[in-house]
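Working notes, structure below.
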Amino acid sequence: MTLQTIWSAQADRILSVGVWLGPEHRNWALTKDQALTAFDSLCDANFIVLGGDVLNGPEESYSHTYDNWHFEPVPSLEGNPVSLSALAAKAYVRNYPRGDVYFVIVPIAALSPFPTRDLGA
Numbered sequence: 197m198t199l200q201t202i203w204s205a206q207a208d209r210i211l212s213v214g215v216w217l218g219p220e221h222r223n224w225a226l227t228k229d230q231a232l233t234a235f236d237s238l239c240d241a242n243f244i245v246l247g248g249d250v251l252n253g254p255e256e257s258y259s260h261t262y263d264n265w266h267f268e269p270v271p272s273l274e275g276n277p278v279s280l281s282a283l284a285a286k287a288y289v290r291n292y293p294r295g296d297v298y299f300v301i302v303p304i305a306a307l308s309p310f311p312t313r314d315l316g317a
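Here the numbering used here runs 196 ahead of the position in the sequence shown, where the first position is 1.
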C-alpha cells in the first residue's frame with residue numbers, strides 16, 4: 197500500500213519514523229526522542245514547525261490530551277523562522293511533564309531558504 201503524500205515527500209520521510217495514525221488523522225505520532233530528532237531534520241530540510249499536538253499512547257488509542265503548541269512564523273531579528281520554530285518545538289517537547297505521550301508535528305516548507313544556526317543539544 198502506498199501512502200498519499202501528507203506534507204511533502206521529504207517531510208513525510210522524516211515524520212514516518214512514528215506511528216501512522218491512519219486515514220482519519222493523516223499524520224504520524226512520534227515519541228519524544230523521535231520528535232526531537234525530527235525537529236533537527238525538518239530544520240535541516242528548511243521546514244518551519246508550525247506546532248503540534250500531544251497524544252496519549254497506544255494504550256489509550258492515541259487519544260488527544262488537548263495539549264498543543266504553535267509557532268507564528270514572523271520576521272525576526274533574533275533568527276530565522278526555521279530554526280526559531282525548531283527551538284520552540286524542542287523546548288515544548290523537552291519540558292512536557294509526561295513521558296508516556298506521543299507528538300504530532302505540523303511542518304510547512306519555508307518559502308525561501310534560511311541559513312540555519314546551531315540549535316543546541
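Beta carbons: idealized from backbone N, C-alpha and C, even for Gly.
Helix, strand or coil: which one does DSSP assign to residue i?
i           : result
residue 393 : The requested residue 393 is not part of the displayed model; the chain covers only 197 to 317.
residue 293 : coil
residue 282 : helix
residue 205 : helix
Return the chain-ordered list of same chain residues with a C-beta closer than 7 Å to the C-beta of residue i, the five sequence neighbours on each side being excluded.
i           : result
residue 259 : 251, 252
residue 297 : 250, 251, 252, 253, 261
Apart from the five residues on each side of it in sequence, which residues of its chain come closer than 6 Å, Cβ to Cβ, to residue i?
i           : result
residue 231 : 289, 299
residue 281 : 244, 245, 267
residue 303 : 203, 207, 238, 243, 245
residue 263 : 250
Determine, using beta carbons only, whether residue i and residue j come nearer to each other than 8 Å.
i           : j           : result
residue 301 : residue 217 : no
residue 247 : residue 265 : yes
residue 271 : residue 306 : no
residue 287 : residue 235 : no
Inside the region 207-270 only - beta strand (DSSP E) runs reaching at least 3 residues: 243-252, 260-266
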